[in-house]
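Below is one structure; the comments refer to it alone.
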């Protein structure tokens with residue numbers, strides 16, 4: 001067995017990056033010679049482990065006319081792999097007690113699981129088969145594709161979810177915002193051959209990130225990953241050309257009980273020096289029940305049950321998304337109050353609001369660090385977005401550095417404008 | 001892990017499981033009151049009251065409450081079911097005392113009429129929101145026909161009419177009856193100092209007056225009704241089935257949970273292999289819903305109109321086969337692994353632990369360690385599950401379906 005020294009130097013390097021006892025944290029890191037990145041974060045006092053493969057085959061990576069293929073792929077690869085047929089593979093995964101996780105986003109197909117630590121090695125073996133040696137039988141293609149189609153059709157009965165998918169589609173430049181669920185016409189035209197070609201071109205170890213968090217032995221993980229994936233050859237890393245965004249306002253008629261309103265406005269990406277100012281600003285707007293949107297829209301006016309804004313980022317574009325659901329007669333007022341609150345942020349923030357926002361962001365960071373799944377996802381996400389993993393301490397220090405002045409300066413230089421709006425419901429609104 | 005317990009003179013139970021290795025702490029007030037305890041004229045009051053608790057006290061305005069939580073970075077909320085109302089928060093250990101003090105104060109809310117009137121609008125929006133979620137709507141409707149006349153069939157949200165007609169005075173009356181200390185449990189999990197928290201609860205809640213609180217407990221095997229509602233804006237068939245099962249107090253509840261994983265887990269179950277894997281339906285689930293003194297199994301399926309008849313036929317044959325032939329050793333082994341790993345992962349986080357701690361006390365009056373439940377899951381046999389299937393055949397269900405205009 002060959003153990004490669006990764007380009008970033010030394011296998012099984014563990015970085016100690018904690019200054020304060022609350023945030024004690026180690027990071028394991030190793031790169032295979034074909035470019036596949038292995039990351040790990042050991043956690044004390046847990047018996048579980050979570051792992052994830054981020055494969056560079058998300059919705060935006062697909063050729064034109066294949067929207068939804070990533071969903072078909074993430075199902076099809078589980079329908080038999082290595083020596084096992086569909087049923088045997090499912091039984092083997094279940095036999096390990098895996099809590100499966102995964103999904104499709106713009107950049108990646110993610111597959112992974114959380115499980116009891118003693119089964120990790122058997123689970124990684126199975127995932128090695130699924131990623132490298134999926135059977136991709138033609139007779140299993142039809143149900144995989146049909147389920148993807150069912151998923152798209154099911155969205156019509158789930159307006160709250162659908163409005164946010166449509167919103168990202170309108171907001172991000174093509175193909176970044178492409179529906180992760182897919183388009184029915186594209187799915188119906190999809191063939192096993194095209195899909196196999198997409199897999200061959202996109203399951204590229206050079207762009208794949210593997211992460212593990214919880215209770216594990218990193219030396220053993222590296223040896224196993226080297227054995228399973230070391231000989232797969234790196235493909236060409238593709239760069240995405242982006243086109244235009246959708247229109248400013250789209251309304252989808254639906255005779256439901258509420259108007260589901262989604263709106264989104266551009267903001268800075270994760271690499272930007274103002275990233276933490278943007279995150280604090282979003283927290284002032286919608287961090288907790290004491291934040292402005294909840295207070296103004298729900299507590300004072302009783303317009304909605306659900307209202308909230310979130311930061312949403314891709315590698316090269318980011319936005320603040322906001323959702324509200326309300327009965328038709330209140331839809332216009334709800335929208336107007338929300339936009340007014342976005343605009344009012346730059347006028348001033350109190351010191352108390354800032355402190356609440358900062359404490360909220362830091363607490364959720366620490367509380368997330370108790371969950372192995374959440375840590376495995378975070379370290380892989382960081383590596384993809386930044387090319388490195390931020391220590392929890394670094395994030396905490398950066399949040400601490402923000403001030404009323406820094407957030408307001410950022411907001412005044414980057415006014416919220418160019419809202420993209422999507423509504424689903426019985427009534428349109430005026431977006432001004 | 002160390003278990004702690006203290007009972008106040010007025011009957012309030014204070015329980016805690018201390019884990020000094022945890023990075024967070026969780027606190028919850030478990031009130032044994034839900035829609036099943038409501039007079040139908042004020043249906044929805046338990047859930048509406050849960051909202052009103054956040055509207056503050058004589059001393060705290062609604063805004064002051066939200067700000068007090070947010071300034072500690074707490075992750076907090078509440079939920080109401082047919083059975084109970086739970087208020088909870090997960091916080092960093094240094095804030096637990098502050099948040100506990102806040103919850104204690106909030107458990108004696110002002111219930112101001114002006115706040116009541118604004119919140120009524122929010123409740124009606126919540127009712128509208130769930131109408132747009134057919135997967136939820138169909139379960140609520142199925143529950144009503146299954147439990148026909150039994151209090152567990154009461155809607156948690158209530159109806160627009162019952163909410164419109166409700167007065168703040170009626171809510172205050174309900175509150176004083178149901179939020180009595182002898183009908184509540186204060187639970188704590190994670191990293192905290194027991195003595196300090198216990199004394200705080202004693203000092204803050206010691207003068208609450210106990211009440212003569214009752215709940216009507218009647219077991220039922222439900223009705224076998226079948227109903228359907230056409231909704232023009234829907235595109236898929238949403239089907240819910242409910243059939244009788246054992247109660248939350250029944251020793252066989254671990255067997256029933258394992259059965260539900262065998263029948264309807266999202267992967268690897270009978271529903272999965274027979275319905276989802278073959279793409280006959282988009283999704284199919286089967287859950288065991290244990291309640292106080294009664295219980296039910298609940299199926300949810302979403303599919304196209306053209307596959308509805310085929311789907312129902314397959315579901316019926318799965319149920320019939322289970323009653324006749326039972327589950328296999330192999331199925332049980334897999335389900336056991338899945339249940340145990342999910343259980344271990346959930347209990348690694350204080351908030352996950354709090355829920356089990358509080359409910360075990362509410363339903364069983366019992367402290368159960370993680371290891372006790374692990375042992376109980378491991379002890380379940382095929383024979384036990386198969387006996388349960390004979391006693392509670394899955395085929396005896398009530399059915400509600402929601403969808404576009406009915407196919408022939």
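Chains as they are written, first to last, in the working numbering: chain G, 1 to 432; chain H, 1 to 408. We treat Cβ as the ideally placed atom computed from N, Cα and C, and that holds for glycine. Since the model is a prediction, treat every value here as computed from it, not as a measurement.
Continuous beta strand (DSSP E) stretch holding residue 37/G: start and end: 37 to 42
Spatially closest choice to residue 481/H from 363/H, 229/H, 365/H and 390/H, by CA coordinates: Here chain H comprises residues numbered 1 to 408, so residue 481/H is not present and cannot be evaluated.
Given a limit of 8 Å on CB to CB distance, which residues of the region 153 to 168 of chain G reach chain H? 153, 154, 156, 157, 158, 159 and 160
According to a CB-to-CB cut-off of less than 9 Å, which residues of the region 226 to 247 of chain H neighbour chain G? 231, 232, 233, 234, 235, 236 and 238
Under 8 Å between C-beta atoms, does residue 113/H make it to chain G? No, residue 113/H lies away from the interface with chain G (no Cβ there is under 8 Å from its Cβ).
Let me know if residue 300/G comes out buried or exposed under the rule of 16 or more other beta-carbons within 10 Å of its beta-carbon. exposed
So does the region 252 to 267 of chain H actually touch the region 144 to 162 of chain H, counting three or more Cβ pairs closer than 8 Å? Touching, no.
For residue 402/G, report the span of its alpha helix (DSSP H) as first-last. Where residue 402/G is concerned, there is no enclosing alpha helix (DSSP H), because DSSP gives it neither an H nor an E.
Contact residues within the region 77 to 105 of chain G, judged by C-beta distance below 9 Å to chain H: 78, 79, 86, 87, 90, 91, 93, 94, 95, 96, 97, 98, 99 and 100
Measuring straight from C-alpha to C-alpha, what distance separates residue 194/G and residue 138/G? 12 Å
Taking all protein chains shown into account, decide if residue 79/H is buried (16 or more other Cβ within 10 angstroms of its Cβ) or exposed. exposed
Quick check: the Cα distance between residue 354/G and residue 261/G, rounded to an integer number of angstroms? 27 Å
Where do the N-terminal and C-terminal ends of the beta strand (DSSP E) with residue 368/G fall, by residue? Counting along the chain, no beta strand (DSSP E) covers residue 368/G; the unbroken alpha helix (DSSP H) around it starts and ends at 351 to 368.
How close, in whole Å, do the beta carbons of residue 67/G and residue 158/G come, if the pair is a contact with beta carbons under 8 Å? The Cβ separation is near 18 Å, so there is no contact.
Using 8 Å for Cβ pairs, my map puts residue 433/G next to residue 419/G. What's the rounded Cβ distance? For residue 433/G there is no data in the structure shown, the boundaries of chain G being 1 and 432.
Does residue 90/H have its Cβ less than 8 Å from a Cβ in chain G? yes
Rank 168/G, 122/G and 212/G by C-alpha distance to the C-alpha of residue 54/G and give the top, closest one. Nearest of 168/G, 122/G and 212/G to residue 54/G, Cα basis: 212/G.
Output, in chain order, the set of chain H residues within a Cβ distance shorter than 7 Å of residue 359/G. Under the 7 Å cutoff, chain H gives 71, 72 and 73.
Should residue 121/H be flagged as near chain G, meaning a C-beta pair shorter than 8 Å? Under the Cβ criterion of 8 Å, residue 121/H is counted among the residues facing chain G.
With the cut-off set at 8 Å, would you say residue 304/G and residue 324/G are in Cβ contact? Yes, these two residues count as a Cβ contact at 8 Å.
Please report whether the beta-carbon of residue 296/G lies at a distance below 8 Å from any beta-carbon of chain H. Residue 296/G does not count as touching chain H.
Locate the beta strand (DSSP E) running through residue 226/H, then write down its first and last residues. 226 to 230
Once you ignore the five residues that flank residue 233/G on each side, which residues in its own chain have a CB closer than 8 Å to its CB? 34 and 205
Opposite residue 4/H in the DSSP bridges: which residues? 16/H
Count the other CB atoms, across all protein chains shown, that sit within 10 Å of the CB of residue 244/G; report buried if there are 16 or more and exposed otherwise. exposed
What are the partner residues of residue 409/H, as DSSP defines its beta bridges? With chain H running from 1 to 408 in the structure shown, residue 409/H is simply not present.
CB contact below 8 Å: residue 112/G versus chain H: Not one beta carbon of chain H lies nearer than 8 Å to the beta carbon of residue 112/G.
Within the continuous beta strand (DSSP E) that includes residue 150/H, where are the two ends? No beta strand (DSSP E) holds residue 150/H; DSSP gives it neither H nor E.
Cβ atoms of residue 340/H and residue 374/H: under 8 Å apart, would you say? yes
Closer than 7 Å, Cβ to any Cβ of chain H: which residues of the region 115 to 127 of chain G, in chain order? 115 and 116
Ignore the nearest five residues each way along the sequence and tell me which others in residue 298/G's own chain have a CB closer than 8 Å to its CB. 304, 305 and 307
Shorter than 8 Å from the beta carbon of residue 364/G to some beta carbon of chain H? yes
Report yes if the C-beta distance between residue 435/G and residue 104/G is below 8 Å; otherwise report no. Because chain G spans 1 through 432 in this model, residue 435/G falls outside it and cannot be assessed.
Does the Cβ of residue 287/G have 16 or more other Cβ atoms within 10 Å, making it buried, or fewer, making it exposed? Per the 10 Å Cβ criterion, buried.
Kindly list, in the order they appear in chain H, the residues whose Cβ is closer than 8 Å to that of residue 46/G. Under the 8 Å cutoff, chain H gives 348.
Is residue 259/G near residue 318/G, with beta carbons less than 8 Å apart? no
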